[in-house]
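Participant: Protein chains in written order, with our numbering: chain A, 200 to 532; chain B, 200 to 532; chain C, 2 to 322; chain D, 2 to 322.
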Ligand SMILES: Cc1ncc(C[n+]2csc(CCOP(=O)(O)OP(=O)(O)O)c2C)c(N)n1
Ligand SMILES: Cc1ncc(C[n+]2csc(CCOP(=O)(O)OP(=O)(O)O)c2C)c(N)n1
Ligand SMILES: [Mg+2]
Ligand SMILES: [Mg+2]
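#1: Within 7 Å: the Cβ of residue 114 (chain D) and any heavy atom of ligand 2?
#2: Rounded to the nearest angstrom, what separates residue 195 (chain D) and residue 202 (chain D) at their Cα positions?
#3: Can you tell me where the alpha helix (DSSP H) holding residue 478 (chain A) begins and where it ends?
#4: For residue 349 (chain B), go through chain A and note every residue whose CB falls closer than 7 Å to its CB, in chain order.
#5: Beta-carbon distances below 6 Å to any heavy atom of ligand 3 define the shell here; list its residues in chain order, please.
#6: Looking only at its chain, what residues have a beta carbon closer than 6 Å to the beta carbon of residue 445 (chain B), apart from the 5 residues adjacent to it on each side?
#7: Considering only DSSP beta bridges, list what residue 203 (chain D) is partnered with.
#8: Within 8 Å (strictly less), CB to CB, does residue 577 (chain B) reach chain C?
#9: Tell me whether residue 279 (chain D) counts as near ligand 1, meaning its Cβ is closer than 7 Å to at least one heavy atom of that ligand.
#10: At the level of alpha carbons, what is the spacing between residue 149 (chain C) and residue 211 (chain B)?
#11: Kindly indicate if chain C contains any beta-carbon less than 8 Å away from that of residue 276 (chain A).
#12: Residues in the same chain with beta-carbon distance under 8 Å from residue 474 (chain A), minus the five sequence neighbours each way, listed in chain order, please.
#13: For ligand 2, is there any heavy atom lying closer than 7 Å to the beta carbon of residue 290 (chain A)?
#14: Taking any Cβ of chain A, which residues in the segment 46 to 71 of chain D have a Cβ under 7 Å from it, in chain order?
#15: Is there a C-beta anywhere in chain A that falls below 8 Å from the one on residue 312 (chain C)?
#16: Considering only their Cβ atoms, is the gap separating residue 215 (chain A) from residue 248 (chain A) smaller than 8 Å?
#17: Could you tell me if the beta carbon of residue 66 (chain C) falls within a distance shorter than 7 Å of some heavy atom in ligand 1?
#18: Hey, quick one: how far does the alpha helix (DSSP H) through residue 208 (chain B) stretch, first residue to last?
#19: CB-CB under 6 Å to residue 477 (chain A), same chain, minus the five flanking residues each way: which ones, in chain order?
#20: Check the Cβ-Cβ distances between residue 181 (chain C) and every residue of chain D, and say whether any is below 8 Å.
#21: When you compare only the Cα positions, how much space is there between residue 82 (chain D) and residue 302 (chain D)?
#22: Closer than 7 Å between beta carbons: that is the criterion. Which residues of the segment 168 to 192 of chain C meet it against chain D?
#23: Taking a cut of 8 Å between CB atoms, which residues from the segment 308 to 327 of chain A lie near chain B?
#24: Using a cut-off of 9 Å between C-beta atoms, extract the partners of residue 24 (chain C) located in chain F.
#25: Listing by chain order, which chain C residues have their CB less than 7 Å from the CB of residue 194 (chain D)?
#26: Output yes if chain A places a C-beta closer than 8 Å to the C-beta of residue 2 (chain C); else output no.
#27: Reducing DSSP to helix, strand and coil, say where residue 421 (chain A) ends up.
#28: Can you name, in chain order, every residue of its own chain whose Cβ lies under 7 Å from the Cβ of residue 174 (chain D), other than the five neighbours on each side?
#29: Confirm, please, whether the CB-CB distance from residue 395 (chain B) to residue 364 (chain B) is below 8 Å.
#30: Name, please, each residue of chain B whose Cβ falls closer than 8 Å to the Cβ of residue 37 (chain C).
#31: Assuming contact is defined by CB atoms lying nearer than 8 Å, are residue 63 (chain C) and residue 111 (chain C) in contact in what I supplied?
#32: Compare the C-alpha of residue 289 (chain B) against each of B:324, B:232, B:470, B:491 and name the closest.
#33: Could you name the residues of the same chain whose beta carbon sits closer than 7 Å to that of residue 160 (chain D), not counting the 5 residues immediately before and after it, in chain order?
#34: Applying a beta-carbon distance threshold of less than 8 Å, which residues of chain C neighbour residue 346 (chain A)?
#35: Got a sec: does ligand 5 put a non-hydrogen atom nearer than 7 Å to the Cβ of residue 243 (chain D)?
#36: Look up residue 6 (chain C) in the DSSP assignment and say whether it is helix, strand or coil.
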């Protein structure tokens with residue numbers, strides 16, 4: 200807790216608690232809102248996020264589903280059409296592959312196919328990402344796929360403030376919003392403003408200002424990017440760290456503005472390097488600010504391998520603060 | 200047919216026929232090979248590609264399936280593990296979303312998860328792409344998604360020679376290969392070498408050499424790129440056209456080599472611009488050949504809209520030869 | 002919508018649907034309609050009977066073979082034809098085409114070109130009505146082919162488990178494109194399969210509009226009363242090919258002819274004549290009226306404007322106002 | 002593999018599985034095993050009985066709760082523990098971990114962490130055997146939760162339609178994580194549901210290894226004879242939580258205790274003692290033997306090397322030789 204003269208302005212909380220507070224507030228604020236998904240109720244959520252909400256709000260508002268990803272995501276879409284505000288949890292992004300038809304062919308297209316008559320005010324929460332030795336079928340980073348699809352909004356909270364506040368903003372959106380929650384961050388803590396609430400979803404954020412090089416991350420890659428900035432600072436290099444926050448629509452303006460000052464760019468995510476979301480960030484810079492770049496772009500992502508189970512290999516497969524710092528130094532060499 | 204002194208060396212054929220010849224040859228050459236999918240048999244294939252093959256090879260070799268994309272793609276994976284060489288057709292890429300779990304969570308991971316013990320020598324044919332006014336649930340361009348996934352190979356025939364020859368090479372691959380067939384090209388014709396056969400899948404191809412600007416396309420964007428090169432030539436601009444052919448593994452060397460000569464780059468596909476496969480091509484150039492670029496990269500893709508039905512809007516949503524040529528001229532301005 | 006005791010209204014509707022579909026076939030050959038076009042000629046009794054059993058606040062979810070459903074729901078011919086011509090006045094502003102007819106006012110939620118893709122959606126509409134304590138029922142239409150899809154199975158379980166107010170209406174026309182029922186399904190008794198989810202499920206003569214309406218009314222009442230979903234296997238046949246692309250090489254002439262003997266329009270017309278409710282020239286008059294309606298609708302649709310290209314990327318997400 | 006008339010072998014196997022699982026729990030708490038860990042304590046009769054009914058050329062497809070299946074298939078404890086320790090000598094070279102145990106030689110095709118994800122795969126293995134005219138059968142193991150997934154439904158239809166040589170073995174332990182059968186399934190008679198695909202399907206006491214073996218043998222014979230797939234609902238219970246993360250807040254103590262009364266090891270041991278096939282110290286001796294085997298296996302696995310980091314990206318696609 201940070202104490203200032205006027206009383207505490209922030210308190211320390213975990214991502215898990217921050218997400219839960221967001222859910223609790225949403226359920227309390229609007230009776231059209233309900234939460235459905237596998238084991239969100241009785242079990243308390245696979246990762247404990249919704250623990251206690253069933254008792255608090257009852258089984259109509261917090262509803263366990265069978266193992267039927269396509270049906271319950273589709274049911275969320277239909278329920279959204281029907282005037283409610285469902286929050287659907289897909290337990291892990293790999294299982295979202297079973298619901299992609301509904302998300303891409305239906306949720307993302309209905310407004311357009313109906314000529315603007317229909318809208319799908321649906322929020323889908325998707326725990327995602329590597330880092331817990333869950334191996335090749337539970338560690339994917341696929342938010343970039345969803346960010347490719349017109350009609351969807353994709354947000355990726357990387358701070359407890361965003362974890363706490365993005366849900367309210369997402370629920371206010373008349374279109375489908377996917378919230379990707381980093382599994383590896385649930386237990387991590389951060390400082391939450393006591394006066395927290397909805398946050399904007401439109402802009403990337405400069406999480407650390409700097410002069411020499413721009414490091415872009417989001418979700419699971421923000422923390423190592425910030426750590427890399429510390430390492431760099433120790434060596435006299437001032438890195439600016441940008442958190443994309445929302446992958447679609449992508450706020451490339453903030454990135455471009457930063458690059459225009461630093462002239463050097465390192466991008467980092469946990470997706471496989473080829474075709475990952477950072478390719479888009481780099482492409483936009485190459486289109487719109489090529490002349491600003493004084494060095495080749497450095498791009499870091501996961502090694503091109505289905506994630507292996509053992510810790511030493513999983514760690515080697517993912518970007519680390521060390522390697523990010525080294526990449527930043529290469530742009531300055 | 201092109202007649203030379205020694206007799207005809209090429210003959211004119213449609214993509215549909217070229218694909219069918221590839222299938223016929225594969226079925227004739229190896230009795231482990233069979234074709235399954237919705238309506239590939241009795242109906243002759245939704246787009247007529249497998250017409251006649253049921254009669255020729257019988258129902259064990261050409262097998263209709265129920266509407267069960269996940270099951271029959273997964274069955275193809277299992278059958279490949281079991282020592283056969285299945286060719287699975289998914290009628291249109293949008294329906295492949297229903298089978299993504301099997302493709303991404305299983306086919307792409309089995310070799311790795313088993314520590315190299317197992318392999319999945321499976322070929323999946325996927326008709327894809329816009330251009331026939333099939334609207335927002337039948338016109339997607341998603342090969343870039345698959346190209347993101349380690350463990351898969353993704354090929355995109357854009358000439359009748361590749362349409363005819365890629366299947367044999369794909370079947371020889373001990374790992375899963377996805378062949379994306381452009382629906383809009385099935386009826387188009389091209390010149391096929393009489394002595395056609397397996398083609399390499401490892402290298403991109405320079406389809407038209409040029410000096411002033413590199414235009415990169417593949418699959419459905421190759422034809423407009425070549426047409427654009429004609430338009431440019433009329434104006435005295437010499438464009439080099441590169442056909443990627445294989446999206447994973449991506450042969451960026453051929454692109455880089457071309458850019459090193461032309462110093463200008465236009466990339467074109469039919470995918471939505473943000474996060475499409477061309478972002479990766481641009482990112483690689485920005486990483487590996489930034490200094491070679493004398494102008495901002497021009498990237499063209501589909502408008503960020505689920506494809507609308509009416510012809511005038513569908514056309515406006517997609518890159519055209521005119522607009523590609525204009526983009527190329529901008530790099531030279 | 003139709004009075005339960007108004008078979009003449011059912012006949013009128015079926016004639017309108019038949020004439021509409023036949024006009025569409027011609028317009029497609031002429032190049033005025035493009036993309037994929039799936040007609041429901043032969044299956045009119047299902048469209049007329051099912052939709053007649055619904056109230057205006059009930060919801061409808063359909064497939065790409067949905068012209069009949071859309072007409073039966075009351076969407077004007079002009080709006081449908083303008084849609085297929087890609088005009089701004091179309092029921093989906095021309096963006097959807099034949100496979101994506103929508104009408105939010107009439108709770109007609111499409112028009113879905115993914116086989117079985119509408120079933121989860123329909124389940125969700127029913128969930129919303131139950132959640133909001135509204136006494137509405139959702140009618141979800143799909144084909145026999147959809148019964149093989151996982152989305153069908155997951156949705157039926159969910160709907161039965163949660164006792165949602167939904168009626169699953171399977172238009173069993175015995176073929177999924179070129180694949181017959183017996184080559185798609187290990188168990189071809191589709192009602193039996195739905196019954197394995199513990200819901201009421203039965204087969205209905207889908208060539209008899211009155212029977213379809215009665216069965217649907219019973220199912221809708223059951224669902225509305227809170228007794229959970231029902232499943233209707235509506236046994237019918239398409240007289241034409243799957244789509245305008247289809248050469249129809251996979252069906253026997255004799256089979257088609259046998260089903261044509263059971264033409265739902267001929268049958269109901271004969272009954273009405275026998276009952277003295279339709280006179281000799283009655284059917285021809287209905288057809289003439291439908292044709293006149295069609296002539297006017299085609300003309301209006303043809304005269305309608307296209308959406309401006311400048312609006313290409315509209316209706317993707319909500320526009321800031 | 003086990004002689005059909007060798008209940009002592011079944012008991013020995015079940016004891017080995019039980020001791021193995023309990024050792025794993027300890028190793029997990031100690032941090033030696035990581036990731037997700039799902040134990041099958043209580044369900045040993047299913048593993049022992051099903052696998053005992055297969056021949057060496059038959060194929061097995063399993064889930065993330067597969068240690069028992071792997072042991073019953075004959076994979077050595079060392080290879081399994083080394084896998085969970087992430088060692089190069091593991092049965093998947095350490096790449097897979099607890100959820101991804103593989104052994105190609107033994108036709109043990111994993112170890113799948115997607116619920117129902119292995120079912121299409123198993124169907125394909127059976128298809129390949131049929132296509133190649135090999136007299137093998139595939140046993141496909143999955144849980145009750147998987148029965149709600151579309152992939153289950155699509156695969157059962159396909160297998161029944163094509164009369165494939167496959168036995169679907171549903172380990173019905175009454176819970177999918179924290180969701181009980183009745184909160185997952187509108188119809189909780191799972192054999193009845195499988196029967197709706199026109200395949201032989203019946204329920205079996207999954208706490209009785211001999212009964213499981215006999216039922217599986219019958220099903221395997223049926224499938225091998227070309228009479229199509231069978232479905233076995235093996236009624237069992239897990240005595241421990243879903244995974245090591247699970248606080249098990251959703252089950253009644255009384256329910257757990259009641260099922261513990263039916264412990265498959267206790268029951269078979271009692272029968273064997275009554276039949277004079279096991280003496281008073283017999284079970285303790287089996288446990289001691291299992292513990293000794295485990296001690297050696299843990300030591301060997303701990304001593305085994307890790308894969309070098311330089312090999313990180315190997316085994317993704319075939320390496321050029
Ligand atoms: C998921 C999916 N797979 C395949 C198709 C291609 N397709 C369109 S209609 C159709 C047949 C569907 O048959 P059925 O459900 O019986 O409806 P019918 O056309 O007979 O009315 C197929 C295979 C599709 N649109 N969606
Ligand atoms: C497709 C999918 N959805 C969700 C999960 C998360 N999950 C893992 S195990 C499990 C429960 C499965 O229950 P059941 O099939 O009965 O098997 P059991 O664990 O009881 O052996 C769930 C929900 C998953 N792994 N895959
Ligand atoms: Mg049909
Ligand atoms: Mg279970």
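All C-beta atoms in this analysis are idealised placements derived from N, C-alpha and C, irrespective of residue type, glycine included.
Facilitator: Taking the definition as stated:
#1: Yes.
#2: Rounded to the nearest angstrom, the two C-alpha atoms are 6 Å apart.
#3: DSSP places residue 478 (chain A) in the uninterrupted alpha helix (DSSP H) bounded by 476 to 487.
#4: Simply 471, 503, 504, 505.
#5: That query returns the following residues: C:144, C:145, C:146, C:174, C:176, C:177.
#6: Cβ within range, chain order: 354, 400.
#7: As a beta-bridge residue in DSSP terms, residue 203 (chain D) pairs with D:233.
#8: Only positions 200 to 532 of chain B appear in the structure, and residue 577 (chain B) is not among them; the question remains open.
#9: Residue 279 (chain D): no, Cβ never under 7 Å from ligand 1.
#10: The straight-line gap from Cα to Cα measures roughly 40 Å.
#11: Answer yes: the Cβ-Cβ gap between residue 276 (chain A) and chain C drops below 8 Å somewhere.
#12: Taken in chain order, the residues that qualify are 343.
#13: Checking every heavy atom of ligand 2 against the Cβ of residue 290 (chain A), one is found closer than 7 Å.
#14: Residues of the segment 46 to 71 of chain D that bring their beta carbon within less than 7 Å of a beta carbon in chain A are absent altogether.
#15: For residue 312 (chain C), the answer is no, since every Cβ of chain A falls outside 8 Å of its Cβ.
#16: Cβ distance < 8 Å, so residue 248 (chain A) and residue 215 (chain A) count as in contact.
#17: Answer for residue 66 (chain C): yes, Cβ within range of ligand 1.
#18: Going by DSSP, residue 208 (chain B) is part of no alpha helix (DSSP H) but of the beta strand (DSSP E) stretching over 206 to 213.
#19: Cβ neighbours of residue 477 (chain A) within its own chain (closer than 6 Å, five residues either side excluded): 466, 468, 498.
#20: Chain D, which has no Cβ nearer than 8 Å to the Cβ of residue 181 (chain C), makes this no.
#21: Distance from the CA of residue 82 (chain D) to the CA of residue 302 (chain D), rounded to the nearest whole angstrom, comes to 6 Å.
#22: Closer than 7 Å at the C-beta level to chain D, one finds these residues of the segment 168 to 192 of chain C: 186, 187, 188.
#23: Using a CB distance below 8 Å, the part of the segment 308 to 327 of chain A facing chain B consists of 308, 311, 312, ordered along the chain.
#24: Reference to chain F is not applicable here, since the protein chains of this structure are A, B, C and D.
#25: 197, listed in chain order.
#26: Only weak support is given to the placement of residue 2 (chain C): the predicted model assigns it a pLDDT of 44, under 50, and the question is left unresolved by the model.
#27: Correct three-state label for residue 421 (chain A): helix.
#28: The beta carbon of residue 174 (chain D) sits closer than 7 Å to the beta carbons of 44, 144, 145, 237, 238, 239 from its chain, once the five residues preceding and following it are set aside; these are given in chain order.
#29: Contact: yes.
#30: In chain order: 333, 337.
#31: At a Cβ-Cβ threshold of 8 Å, residue 63 (chain C) and residue 111 (chain C) count as neighbours.
#32: For residue 289 (chain B), the nearest C-alpha among the options comes from B:324.
#33: Within the same chain, residue 160 (chain D) has close Cβ partners 124, 127, 167, 230.
#34: Within chain C, no residue comes near residue 346 (chain A); the closest Cβ sits about 14 Å away, beyond 8 Å.
#35: In the structure shown, ligand 5 is absent; the only ligands present are ligand 1, ligand 2, ligand 3 and ligand 4.
#36: Residue 6 (chain C): coil per DSSP, three-state reduction.
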